[in-house]
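Undergrad: Below: one structure in structure tokens.
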Amino acid sequence: MFDIDLLMFIIDQIELKEDFITCHECGMDFFEQASLEHHMRIHTEEKLFICPQCGKSFTVQHRLEAHLRIHTGEKPFSCSECGKCFTQQGQIKSHMRSHTGEKPFTCPQCQTSFTSKQSLKSHIRIHTGEKPFTCSECGKSFITQGYLKRHKKTHTGEKPFTCPQCGKSYKLQESLESHLRVHTGEKPFVCPQCGKGFTAKQCLKSHLSIHIGEKPFTCSICGMSFTQHQSLKHHMCTHTGEKPFICPECGKSFTIKQRLDIHMRIHSGERPFSCSQCRKSFTVKLNLARHMRVHTGVKPFFCTQCGKRFTVKQSLESHMTIHTGKKPFTCSECGKGFTSKPKLSYHMRNHSGERPFICSKCAKSFTVKQNLDIHMRVHTGENPFTCSECGKSFTVKQSLMNHMRIHTGEKPFTCPQCPKSFTQHKHLKRHLKTHTGEKLIDRVGEISAVTCVQHQSK
9 MFDIDLLMFI
19 IDQIELKEDF
29 ITCHECGMDF
39 FEQASLEHHM
49 RIHTEEKLFI
59 CPQCGKSFTV
69 QHRLEAHLRI
79 HTGEKPFSCS
89 ECGKCFTQQG
99 QIKSHMRSHT
109 GEKPFTCPQC
119 QTSFTSKQSL
129 KSHIRIHTGE
139 KPFTCSECGK
149 SFITQGYLKR
159 HKKTHTGEKP
169 FTCPQCGKSY
179 KLQESLESHL
189 RVHTGEKPFV
199 CPQCGKGFTA
209 KQCLKSHLSI
219 HIGEKPFTCS
229 ICGMSFTQHQ
239 SLKHHMCTHT
249 GEKPFICPEC
259 GKSFTIKQRL
269 DIHMRIHSGE
279 RPFSCSQCRK
289 SFTVKLNLAR
299 HMRVHTGVKP
309 FFCTQCGKRF
319 TVKQSLESHM
329 TIHTGKKPFT
339 CSECGKGFTS
349 KPKLSYHMRN
359 HSGERPFICS
369 KCAKSFTVKQ
379 NLDIHMRVHT
389 GENPFTCSEC
399 GKSFTVKQSL
409 MNHMRIHTGE
419 KPFTCPQCPK
429 SFTQHKHLKR
439 HLKTHTGEKL
449 IDRVGEISAV
459 TCVQHQSK
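Position one of the sequence shown corresponds to residue 9 (the working numbering), numbered consecutively onward.
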């Protein structure tokens, strides 16, 4: 049977549509002239409502009222599930879906689902390529107004959100909230697959792609796929050679802002990630995670050839070249080959004379940061690597490892010419010269000269 109520509803909607007022800029419909006038300020960038605290301006009164809560700290809308508070009521509805798991808005192109209609609309623009929000300063366009607002702060340099713990400032409130979790250790975003926790929702989203294997963003030049649109953007810089993020201190440029932020810590001396065991601090969280393996003894990376284990993947890769003899990274200046890219980078400084790591105590400079860290122990007297057998301490881990072989009797460096073994690689190198005859004449000459002097003295 035909549904009369449904027919009447459709007729009502058609009649209502005739009463709508349409925006000639973007085609959006409005019931009232006042709503259209408010909306038009998005296109004209007219902002009549100004914050008396920081001077920030808004197109509508209610947005100014919501903004003022940033200064007052007022968050009148709280979640009944977890108690989290918000400045606007609309934020509660979207937030509640994080508890229910509801994602009612689905992309017809790639089937990705979203908790809010606005998120879906923004996502659709990735497929269409539409970027309706343009910066009046430089002409750069964005898929959302939020991204445009964020971008505009690169022109003004405004960072209104300051951490009360360490004084670090941010352009966005959510960036400050994520940063505060570094201090509190809070990881509210938990992976439902493996239980791993994250400080930011974006980090969880990136992690989830590991489980599902989805890589919807593909490079049009080389076909490489990525889990995030941002990762694709960063990758495109490898083709274009673009490095838009420049260090104001030394002029070095980077493809992504995160790398610039990490680099800036070389100049500022900031090391926000501290070890709870020995208080050693690091510029990058990943380096702290690697360092913790020194205390735990965990060595997750092992050689399939000889069974030797390593704390970091890079060490395993370098070790594997002992078996393969491969040195894929070649110096363009002298042709010398290296087992890893960092080793080539360090070597290149011998040609350029660059020594970017300077001691604050005596001004001595180094090509590698690790060498500066080791050197600093001359001033501090620190010997962090202690032998568990005899208690002797060392400034460098390698020295401890060499020393431990006295106790274990291990001689891992074996001569390919004869069965003789050595505790250190340099001892093997010295021994090999007895087979090749290298510098043998000099050594005989030295002995002859000494003998001659002894005879003359008699």
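Note that CB positions come from ideal geometry on N, CA and C, so glycine has one too. Computed from a predicted structure; not experimentally measured.
With DSSP run on the structure shown, which of helix, strand or coil describes Ile132?
TA: For the purposes of this step, residue 132 is identified with residue 124 of the sequence shown, where counting begins at 1. Looking at Ile132 - three-state DSSP - the assignment turns out to be helix.
Undergrad: Whether or not the segment 226-237 and the segment 250-269 are in contact is what I'm after, with contact meaning three or more pairs of Cβ atoms, one per stretch, closer than 8 Å; do they touch?
TA: Judged by Cβ distances under 8 Å, the segment 250-269 makes no contact with the segment 226-237, as fewer than three pairs qualify.
Undergrad: Helix or strand or just coil, what does DSSP make of Arg317?
TA: Within the sequence shown, the letter at position 309 stands for residue 317. Arg317 falls in the strand class under three-state DSSP.
Undergrad: Please report the distance separating the alpha-carbon of Gln378 from that of Leu324.
TA: Locating residue 378 in the sequence shown gives position 370, counting from the first residue. Locating residue 324 in the sequence shown gives position 316, counting from the first residue. Cα to Cα, Gln378 sits roughly 19 Å from Leu324.
Undergrad: Looking at the structure shown, is Cys93 part of a helix, part of a strand, or coil, going by DSSP?
TA: To locate residue 93, count along the sequence shown from 1; it is residue 85. In this structure, Cys93 counts as strand in the three-state DSSP scheme.
Undergrad: Using only the heavy atoms of the ligand NAP, determine whether one of them is closer than 8 Å to the beta carbon of Thr192.
TA: You won't find the ligand NAP in this model; it holds no ligand whatsoever.
Undergrad: Could you check whether Cys143 and His159 sit closer than 9 Å to each other, using their CB atoms as the reference points?
TA: Translated into the one-based positions of the sequence shown, residue 159 becomes position 151. Translated into the one-based positions of the sequence shown, residue 143 becomes position 135. Going by C-beta atoms, His159 is nearer than 9 Å to Cys143.
Undergrad: In the DSSP assignment, what residue or residues form a beta bridge with Tyr178?
TA: Within the sequence shown, the letter at position 170 stands for residue 178. According to DSSP, Tyr178 bridges with Phe169.
Undergrad: Which two residues bound the contiguous alpha helix (DSSP H) that contains Leu72?
TA: The residue labelled residue 72 in the question sits at position 64 within the sequence shown. Run containing Leu72: 69-80, per the alpha helix (DSSP H) assignment.
Undergrad: Going by the beta-carbon positions, is the gap between Ile50 and Leu72 smaller than 9 Å?
TA: As a first step, residue 50 must be located in the sequence shown, where it is residue number 42. As a first step, residue 72 must be located in the sequence shown, where it is residue number 64. Contact: no.
Undergrad: Buried or exposed, going by whether 16 or more other CB atoms sit within 10 Å of the CB of Leu294?
TA: Residue mapping note: residue 294 aligns to position 286 of the sequence shown, counting from 1. Exposed, because fewer than 16 other Cβ atoms sit within 10 Å of the Cβ of Leu294.
Undergrad: Exposed or buried, what is Ile218 when buried is set at 16 or more other beta-carbons lying within 10 Å of its beta-carbon?
TA: One-based indexing of the sequence shown puts residue 218 at position 210. By the 10 Å Cβ count, Ile218 comes out exposed.
Undergrad: Between Phe39 and Cys31, what straight-line distance do the alpha-carbon atoms span, to the nearest angstrom?
TA: Within the sequence shown, the letter at position 31 stands for residue 39. Within the sequence shown, the letter at position 23 stands for residue 31. About 11 Å.
Undergrad: Can you look up Ile151 in the DSSP assignment and give me helix, strand or coil?
TA: What you label residue 151 is simply residue 143 of the sequence shown in a count that begins at 1. Three-state DSSP puts Ile151 in coil, outside helix and strand.
Undergrad: Compare the C-alpha of Asn391 against each of Met300, Lys288, His242, Lys369 and name the closest.
TA: As a position in the sequence shown, residue 391 is number 383, starting the count at 1. That would be Lys288, whose Cα lies nearest to the Cα of Asn391.
Undergrad: Rank Thr319, His359, Thr329 by C-alpha distance to the C-alpha of Gly343 and give the top, closest one.
TA: For the purposes of this step, residue 343 is identified with residue 335 of the sequence shown, where counting begins at 1. When each option's Cα is compared against that of Gly343, the closest is His359.
Undergrad: So, with DSSP's three-state summary, where would you put Gly98?
TA: In the sequence shown, residue 98 corresponds to position 90, counting from 1. Of the three classes helix, strand and coil, the one that applies to Gly98 here is helix, per DSSP.
Undergrad: Which residue spans inside the segment 310-367 form an unbroken alpha helix (DSSP H) run of at least 4?
TA: List check, alpha helix (DSSP H) in window: 321-332, 349-360.
Undergrad: Which term fits Ile330, buried or exposed, when burial requires 16 or more other beta carbons within 10 angstroms of its beta carbon?
TA: Indexing the sequence shown from 1 puts residue 330 at position 322. Counting Cβ neighbours within 10 Å, Ile330 comes out exposed, since fewer than 16 surround it.
Undergrad: Within the chosen definition, does the segment 99-107 reach the segment 76-88 through at least 3 CB pairs nearer than 8 Å?
TA: Output reads yes: the segment 76-88 touches the segment 99-107.
Undergrad: Just how far apart, CA to CA, sit Val151 and Lys125?
TA: Locating residue 151 in the sequence shown gives position 143, counting from the first residue. Locating residue 125 in the sequence shown gives position 117, counting from the first residue. The residue asked about is misnamed: residue 151 is Ile in this sequence, not Val. Cα to Cα, Ile151 sits roughly 15 Å from Lys125.
Undergrad: Just the C-alpha distance for Phe169 and Phe421, rounded to the nearest angstrom, thanks.
TA: Locating residue 169 in the sequence shown gives position 161, where the first residue counts as 1. Locating residue 421 in the sequence shown gives position 413, where the first residue counts as 1. Phe169 and Phe421: Cα-Cα distance of roughly 56 Å.
Undergrad: Do Met272 and Cys283 have their C-beta atoms within less than 9 Å of each other?
TA: Reading the sequence shown from its first residue, position 264 is the one you call residue 272. Reading the sequence shown from its first residue, position 275 is the one you call residue 283. Against a cut-off of 9 Å, the Cβ pair of Cys283 and Met272 comes out as no contact.
Undergrad: What does DSSP give as the partner residues of Ile264 in its beta bridges?
TA: The count along the sequence shown starts at 1 and reaches residue 264 at position 256. Ile264 pairs with nothing; no bridge assigned.
Undergrad: Using only the alpha-carbon positions, how far apart do Phe225 and Leu240 sit?
TA: What you label residue 225 is simply residue 217 of the sequence shown in a count that begins at 1. What you label residue 240 is simply residue 232 of the sequence shown in a count that begins at 1. One C-alpha to the other measures close to 6 Å.
Undergrad: Whole angstroms are fine: how far does the CA of Ser261 sit from the CA of Phe393?
TA: On the sequence shown, position 385 is the one that residue 393 refers to. On the sequence shown, position 253 is the one that residue 261 refers to. Roughly 36 Å between the two C-alpha positions.
Undergrad: Spatial neighbours of Phe430 within its chain, please: CB distance less than 6 Å, with the 5 preceding and 5 following residues excluded, ordered by chain position.
TA: For the purposes of this step, residue 430 is taken as residue 422 along the sequence shown, with counting starting at 1. Hits under 6 Å: Lys419, Phe421, Leu436.
Undergrad: Ends of the alpha helix (DSSP H) at Asn295?
TA: Working through the sequence shown from its first residue, we reach residue 295 at position 287. Run containing Asn295: 293-304, per the alpha helix (DSSP H) assignment.
Undergrad: Less than 9 Å between the beta carbons of His411 and Cys423, yes or no?
TA: The residue labelled residue 411 in the question sits at position 403 within the sequence shown. The residue labelled residue 423 in the question sits at position 415 within the sequence shown. Against a cut-off of 9 Å, the Cβ pair of Cys423 and His411 comes out as no contact.
Undergrad: Run through DSSP, which three-state label would Val198 get?
TA: Numbered from its first residue, the sequence shown carries residue 198 at position 190. In this structure, Val198 counts as strand in the three-state DSSP scheme.
Undergrad: What does the alpha-carbon distance come out to for the pair Ile29 and Pro112?
TA: If you number the sequence shown from 1, residue 29 lands on position 21. If you number the sequence shown from 1, residue 112 lands on position 104. Their Cα atoms are separated by approximately 28 Å.
Undergrad: Going straight from the alpha carbon of Glu23 to that of Asp37, what length do you get?
TA: Within the sequence shown, the letter at position 15 stands for residue 23. Within the sequence shown, the letter at position 29 stands for residue 37. In this prediction, Glu23 has a pLDDT of 47, which is less than 50 and means its spatial position is unreliable; nothing more can be read from the coordinates.
Undergrad: Going straight from the alpha carbon of Glu145 to that of Leu156, what length do you get?
TA: The residue given as residue 145 occupies position 137 in the sequence shown. The residue given as residue 156 occupies position 148 in the sequence shown. When rounded, the distance between both Cα atoms is 11 Å.
Undergrad: Quick check on DSSP: helix, strand or coil for Ser65?
TA: In the sequence shown, the residue the question calls residue 65 occupies position 57. Strand.
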